[in-house]
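Note sheet for the following structure.
Residue numbers (full-length UniProt numbering): 1 to 336.
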């Protein structure tokens with residue numbers, strides 16, 4: 001059995017806001033396991049068994065993983081998933097990177113991401129939108145799109161079809177991440193007089209305080225805090241609409257779970273989401289309060305169940321696992 005070593009930045013162990021990176025690693029590991037590959041995780045207290053490791057897959061390209069990638073390259077072939085969740089346009093990012101690259105000793109997460117992608121033996125990205133950022137903004141040629149797999153929720157179809165919904169909108173995620181645009185969602189639901197239920201982590205920075213203030217002042221918003229897996233399923237089963245109006249969304253795993261549980265999903269039009277959700281959702285302009293209100297009203301008044309079979313067929317664990325090992329095999333055979 002072939003083995004790949006998964007690595008990420010050290011702060012993954014310290015920062016609960018890095019949950020999305022953790023989730024990506026877990027899902028890709030499950031996909032690889034399903035097609036016969038073994039996955040080991042780099043641990044600080046244990047030297048990898050290099051004789052039994054075929055190659056390395058690093059998740060997140062930034063300042064914190066640059067030195068790690070240089071060291072790993074001395075041992076094995078390295079595949080990188082940079083996870084480029086930036087709200088700026090490709091042209092703006094390219095200008096920023098070019099300016100920073102010309103200033104001696106000035107490094108940033110952007111320039112290090114470019115350096116890491118150039119150091120790697122292959123770059124695996126999650127969507128056609130992320131590939132454009134890689135090619136245009138970072139000036140890195142190539143890159144292989146391998147979608148993030150999705151594991152269906154662990155509920156029977158009978159349990160899901162018994163869903164009794166409330167006329168409410170819900171959101172799951174990092175409320176304190178400004179990119180998630182939660183303040184505008186609260187405002188939209190307030191103006192519509194629609195109940196909104198929020199769940200997830202929130203910090204103490206300036207944006208988090210803004211969101212907390214809006215929640216406390218809202219008559220239609222309820223904040224549940226951080227919830228368990230079973231509580232998450234309960235929330236999705238009783239919510240008619242799930243809204244993820246991010247300024248930019250790489251994949252939107254929580255929205256996939258909501259769709260799986262027959263929620264009507266509204267998701268940002270920005271990012272890699274169209275590669276995943278196809279025609280099964282409504283896409284919203286995250287900067288337009290009016291568009292958000294229109295899409296929420298339409299979803300609440302639409303009684304039809306979302307058609308999402310094609311969405312989940314394309315994200316099957318085995319399918320994505322095979323696509324991933326094909327990339328690995330080409331790297332190992334020096335075909336790329």
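Heads up, the beta-carbon is just placed ideally off N, CA and C, and yes, glycines get one too.
It should be emphasised that the depicted structure is a prediction, and the values quoted were computed from it without experimental measurement.
CA-to-CA, the gap between residue 328 and residue 24 works out to about 17 Å.
Comparing alpha-carbon positions, the option among 31, 128 and 198 lying closest to residue 318 turns out to be 31. Rounded to the nearest angstrom, the gap between the Cα atoms of residue 269 and residue 47 is 43 Å. Contact between residue 199 and residue 244 is ruled out by a C-beta separation of about 13 Å, above the 8 Å threshold. As far as DSSP is concerned, residue 218 takes part in no beta bridge. Put simply, the backbone Cα of residue 131 is about 7 Å away from that of residue 145. Non-local beta-carbon contacts of residue 262 in its own chain, meaning distances under 7 Å to residues more than five positions away in sequence, involve 160, 163, 305 and 306 in chain order.
Within the segment 62 to 150, the complete beta strand (DSSP E) segments at least 3 residues long are 78 to 81 and 122 to 125, listed from N- to C-terminus.
Residue pairing by DSSP places residue 196 opposite 169 and 221 in a beta bridge. Taking the Cα of residue 203 as reference, the smallest distance to any Cα among 196, 173 and 230 is reached at 173. For residue 3, the uninterrupted beta strand (DSSP E) run begins and ends at 3 to 7, by DSSP. Going by beta carbons, residue 293 and residue 192 fall inside the 7 Å limit. In the DSSP assignment, residue 55 falls within the unbroken beta strand (DSSP E) covering 55 to 59. Residue state for residue 264 is assigned as strand, using DSSP reduced to three classes.
Annotated as proximal: residue 179 and residue 247, with beta-carbon spacing under 7 Å. Annotation: residue 124 to residue 79 spans about 7 Å, alpha carbon to alpha carbon.
When the alpha-carbon of residue 252 is set against those of 55, 224, 281 and 228, the nearest one is in 281.
Taking a contact as a CB-CB distance under 8 Å, the pair residue 109 and residue 62 counts as one, their CB atoms being some 4 Å apart. Under the Cβ criterion (8 Å, minimum of three pairs), the segment 50 to 60 does not count as touching the segment 86 to 96. Between residue 116 and residue 66, the CB-CB gap stays under 7 Å. When the Cα atoms are used, residue 283 and residue 150 turn out to be separated by approximately 20 Å.
In this model, residue 219 and residue 165 are separated by some 20 Å (Cα to Cα). Non-local beta-carbon contacts of residue 320 in its own chain, meaning distances under 7 Å to residues more than five positions away in sequence, involve 31, 146, 147 and 149 in chain order.
Residue 189 is positioned such that its CB atom lies no closer than 7 Å to that of residue 211.
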